[in-house]
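Residue numbering for the sequence shown follows this note's numbering, starting at 2 and increasing by one per position.
Think of the CB as a built atom: it goes at the ideal place given N, C-alpha and C, for glycine as much as any other residue.
For clarity, every value in this text was computed on a predicted model and none was experimentally measured.
Worksheet for the structure shown next.
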Amino acid sequence: MRIALINEVSSRDKNPLVLSALQQTGNEIFNVGCTADEGALTYIQTGLMAGIALNSGAADFVVGGCGTGQGFLMSAMQYPGVFCGLIQDSLDAWLFSQINGGNCISLALNKGFGWAGDINLKYIFEKLFLDPPGRGYPLHRAESQQASRALLCSISTQTHKSFDEILKTVDRGTLDAVMNHKPFKEFIEEYGKA
């Protein structure tokens with residue numbers, strides 16, 4: 002699975018910790034947002050990056066976040082086909098994977114991020130990718146939860162513009178900042194579908 006790690010500016014100092022924990026999952030990781038040393042992308046810009054990465058097919062999953070996790074979550078959820086959850090611990094991660102089967106998570110990387118924060122990240126990713134997503138929990142509710150997930154996908158398609166329309170009408174400065182961020186631009190050029 003291709004996972005795009007997209008940190009924004011307020012949490013860029015946590016990027017090495019998130020990257021290290023993700024690298025332990027055995028997935029293909031692309032660090033395309035702010036790193037500890039560079040980048041000044043806002044949560045608005047990184048939310049758009051999540052939408053582009055998922056809708057272009059460049060990424061199968063996006064890991065993002067911000068100081069509280071709320072801003073990135075709200076920004077990413079503005080785009081069709083993005084199903085993002087706010088994850089604070091390993092149980093959140095596992096339940097999100099099993100019940101919601103989403104393709105994007107938002108982490109609170111400043112608020113409440115203290116002693117053993119790196120261990121919490123490791124446990125989050127262990128549980129997030131432990132079982133095939135969307136199986137349901139408890140298992141006797143699996144059919145109902147899978148039907149809800151399918152309905153949510155349908156609603157997302159009906160209530161959003163096409164991603165091509167979005168790219169044509171989105172704020173030019175925001176789009177330019179995103180597409181001029183070299184690691185992200187190279188990732189989309191290599192793995193995204195035109």
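query, result
"Let me know if Gly66 comes out buried or exposed under the rule of 16 or more other beta-carbons within 10 Å of its beta-carbon.", "buried"
"Nearest by alpha-carbon distance to Lys15: which of Arg173, Leu153, Asp177 and Ala109 is it?", "Ala109"
"For Leu18, collect the residues of the same chain with a Cβ closer than 8 Å to its Cβ; drop the 5 residues on either side in sequence, then sort them by chain order.", "Gly118, Asp119 and Leu122"
"What separation, rounded to the nearest whole angstrom, lies between the Cα atoms of Asn101 and Pro134?", "8 Å"
"Give the straight-line distance between the Cα atoms of Val33 and Gln146, rounded to the nearest whole angstrom.", "32 Å"
"Considering only their Cβ atoms, is the gap separating Ala51 from Val63 smaller than 7 Å?", "yes"
"Would you identify the three-state DSSP class for Ala109, choosing helix, strand or coil?", "strand"
"Determine the DSSP secondary structure at Cys35, reduced to helix, strand or coil.", "coil"
"Just grab the DSSP bridge partners of Leu87 for me.", "Ser107"
"State whether the stretch 22-41 contacts the stretch 175-184, with contact taken as three or more CB pairs (one from each stretch) at a distance under 8 Å.", "yes"
"Is Val63 helix, strand or coil when you go by DSSP?", "strand"
"When DSSP labels each residue in this structure, what does Leu42 get in the three-state scheme?", "coil"
"DSSP state of Arg173, grouped into three classes?", "helix"
"Can you name, in chain order, every residue of its own chain whose Cβ lies under 6 Å from the Cβ of Ala41, other than the five neighbours on each side?", "Val10"
"Which same chain residues, not among the five before or five after Glu29, have their C-beta less than 6 Å away from its C-beta?", "Arg3"
"Verify whether the separation of the beta carbon atoms of Gly174 and Ser57 is less than 7 Å.", "no"
"Taking all protein chains shown into account, decide if Gly103 is buried (16 or more other Cβ within 10 angstroms of its Cβ) or exposed.", "buried"
"I need the DSSP call for Ala117, collapsed to helix, strand or coil.", "coil"
"Put Arg13 into one of helix, strand or coil per three-state DSSP.", "helix"
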